[in-house]
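To start, the structure under review is shown below, and the notes come after it.
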Amino acid sequence: MALASSGVLLLFFYVLRTVIAVEEKEVTSIVGNTAELRCIYSKENIDLSQLRIYWQIADDLKTCPVVHALILGEDNQSDQCNNFKDRTRLLKDKLEDGDFSLLLLNITPRDEHTYRCIVQKKMDRVFKVDYDTAVVLRVAANYSQPVLHGPTENRPNIEEEITFTCKSSGGYPEPKVYWTNEDNISLPKPNMTVIQDPDGTYSVLSTLKIKSTSKMKIGCSIENRVLQQNLTTPNFEKINQDPKEINEPDPSPSKPDAKVISIVIIGTLIAALIGLTCLLWKRRSCRRALYTDVQQNEEGAQCNAPV
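For the sequence shown, the numbering used here gives the first residue as 1337, with consecutive numbering after it.
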C-alpha cells in the first residue's frame, strides 16, 4: 500500500511540476546546523483539517518523493525517505497561521537540493493544489586553514626544480585554489587532487612545481565560493644560493671578527706582562750579583793589607 501511494504521489507531483509556476527562494546552511525552508500559506481562516502539506525534493523525485507530510493537521511520515527520518520538523505553534516552514536538522552536503512545499486544499470533496513554492538549499562547510609546505633544503640552487604543496580539508563545496608569487614571475599550472570524504565534505591537495629563483615569496589561498571566504597561508619565503657564488670568493674585504680582535689584545697584554716580569727579575738578579762582587773585593783587600 505504501508503494502504491508513493507511486501516485510521484506521478501527481511530476504532472504538477509541469503545469504550475513555482516561486523559488534560496537559503544557505552550514554543515551540522539546522536549515529553515520557508513556506508561508497566506490565506484567511485556515482549517488544517482541510489541508494536505507535502515537502518533497523537486530535483530528485525518484529517489525521495516525500521529505515531510502533514495530513489533515497531523504528521504522516509513512512515505518519508529514510535519510530524513527524525531530521524534519514543522513549526507546530505557527501552523494555524499558515507557516508551514520546514526545519531540516543536522545538515549534510547530501541535503543540497531544491525542495518544494505543496499545499492541497479540499474543495468539493477533492484535494486540489492551492499553493506551491520552492526553496533551493545551498550547503556549505568551512575549510581548514590551508597548510603550505616548501623545500626542506635551506638554500636550493637557482633554477633547481622545487615543489610546494597546499593542503586543506573539511570544506564544502569543492574549492578553488590560487597560488601567488610576489616575485612577479608567472607560475605554471598546479596539479590538484580533490577527495570527497565519507561525511560528504572535501579534502584538497594542490601541488606546484617551479624553478627556484634568487628570492621567492610563494603563497596559497583556498576559496569557498558559497561562503565567499578566502583562507590564505603566510608566504613561504626563501633566499636561495646562486651556484656561481659557491666557489667564488667574496671580492669585498672581510671585516675582522670581534672575537679574534679580543683574543689578539688579550694575548698581547699577557705577553707584555710576561716580558715585564722577566725584565724585573733580570734586573734584580744583576743587582744581587754586583753586590756579591763588591763584598768579595772588600774582603780580599782586607786580607792583603800590611800588618
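Beta carbons: idealized from backbone N, C-alpha and C, even for Gly.
Here the structure is a predicted model, which means the values were calculated and not measured.
Self-check item: Nearest residue (CA-CA) to residue 1452, options 1481, 1432, 1372 and 1567
Solution: 1372
Self-check item: For residue 1511, three-class secondary structure by DSSP
Solution: coil
Quiz item: Going straight from the alpha carbon of residue 1518 to that of residue 1573, what length do you get?
Solution: 10 Å
Quiz prompt | Outcome for residue 1641 when other beta-carbon atoms lying within 10 angstroms are tallied against a minimum of 16 | solution = Here residue 1641 scores only 48 on pLDDT, less than 50, and its place in the model is too uncertain to base an answer on.
Quiz item: So what does DSSP say about residue 1506, is it helix, strand or coil?
Solution: strand
Quiz prompt | Sequence-distant residues of its chain with Cβ nearer than 8 Å to residue 1478 (five each side left out) | solution = 1366, 1506, 1507, 1560, 1563 and 1565
Quiz item: Terminal residues of the continuous beta strand (DSSP E) containing residue 1463?
Solution: 1462 to 1476
Quiz item: Hey, which unbroken runs of the alpha helix (DSSP H) at 4 residues or more fall wholly within the segment 1408 to 1439?
Solution: none
Quiz item: For residue 1472, which of 1606, 1599 and 1363 has the nearest alpha-carbon?
Solution: 1363
Quiz prompt | At least 3 beta-carbon pairs within less than 8 Å: the segment 1389 to 1400 vs the segment 1453 to 1471 | solution = yes
Practice problem: Measuring alpha carbon to alpha carbon, tell me which of 1444, 1546, 1601 and 1504 ends up nearest residue 1497. | Solution: 1546
Quiz item: Can you tell which of 1611, 1475 and 1377 has its C-alpha closest to the C-alpha of residue 1430?
Solution: 1377
Exercise. Examine the Cβ distances between the segment 1449 to 1466 and the segment 1537 to 1544 and report whether three or more of them are shorter than 8 Å.
Key: no
Quiz item: Pick from 1375, 1445 and 1403: whose alpha carbon is nearest that of residue 1418?
Solution: 1403
Quiz item: What's the call for residue 1388, buried or exposed, on a 16-neighbour Cβ count within 10 Å?
Solution: buried
Quiz item: What did DSSP end up calling residue 1371 once you bin it into helix, strand or coil?
Solution: strand
Quiz item: Between residue 1383 and the ligand NAP, is the CB less than 7 Å from at least one heavy atom?
Solution: Among the components of this structure there are no ligands whatsoever, and the ligand NAP is therefore not found.
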